[in-house]
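In the working numbering, the protein residues as written are 8 to 192.
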């Protein structure tokens with residue numbers, strides 16, 4: 008008689024290896040670290056002006072241009088102020104003509120024109136009629152401010168390039184002035 012080895016219940020309950028593998032429903036996103044280059048920084052900060060610089064530019068524009076000074080005296084909504092700041096000014100008698108830049112034509116509507124006309128009449132102390140057209144003629148207060156800023160920027164860059172201390176550092180350490188990072192103060 009032959010005796011068979013004893014069977015163990017644990018042998019029968021041993022699970023088979025499972026082939027299932029978990030897969031995400033959405034693709035796994037890998038975080039890409041992007042580095043900011045000086046050129047990208049320049050573009051980001053190109054028109055970034057400090058509040059102090061903005062105030063200085065307004066002050067200089069008001070001193071140089073009667074229309075800029077008049078716009079600063081107006082008490083209107085910001086939208087109407089933007090309409091005035093982006094328009095060149097011409098006056099003949101009691102007729103005021105503004106030439107609004109095409110890129111800001113969306114600011115022009117009947118209500119804004121009426122509000123601007125009332126504000127101008129109040130500041131000027133006389134009744135004038137306002138006509139607004141879209142075009143490129145003349146210089147707007149914002150364009151004047153930008154021109155003044157560019158003059159200051161050019162002057163600051165020239166000042167640094169001709170500074171003997173900066174020139175010494177450039178020669179001594181074989182360095183170069185990063186002209187894209189220069190900002191006027």
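Where is the CB? At the ideal position from N, CA and C, for every residue including glycine.
Treat the numbers as computed from the prediction; the structure is a model and nothing was measured.
DSSP state of residue i mapped onto helix, strand, coil
| i | result |
| --- | --- |
| residue 175 | helix |
| residue 147 | coil |
| residue 141 | strand |
| residue 121 | helix |
| residue 33 | coil |
| residue 99 | strand |
Closest residue to residue i among the options (Cα-Cα distance)
| i | options | result |
| --- | --- | --- |
| residue 117 | 165, 137, 143, 160 | 137 |
| residue 87 | 32, 132, 105 | 105 |
| residue 112 | 121, 130, 91 | 91 |
| residue 102 | 128, 191, 69, 151 | 128 |
| residue 83 | 121, 58, 70 | 121 |
Contact under 8 Å by Cβ, residue i with residue j
| i | j | result |
| --- | --- | --- |
| residue 177 | residue 184 | yes |
| residue 171 | residue 72 | no |
| residue 160 | residue 67 | no |
| residue 94 | residue 81 | no |
| residue 76 | residue 69 | yes |
N- and C-terminal bounds of the beta strand (DSSP E) containing residue i
| i | result |
| --- | --- |
| residue 103 | 102-107 |
Limits of the unbroken alpha helix (DSSP H) element including residue i
| i | result |
| --- | --- |
| residue 91 | 85-92 |
| residue 69 | 58-71 |
Neighbour flag for residue i against chain C, beta carbons, 8 Å
| i | result |
| --- | --- |
| residue 106 | Included in the structure is just one protein chain, with no chain C present. |
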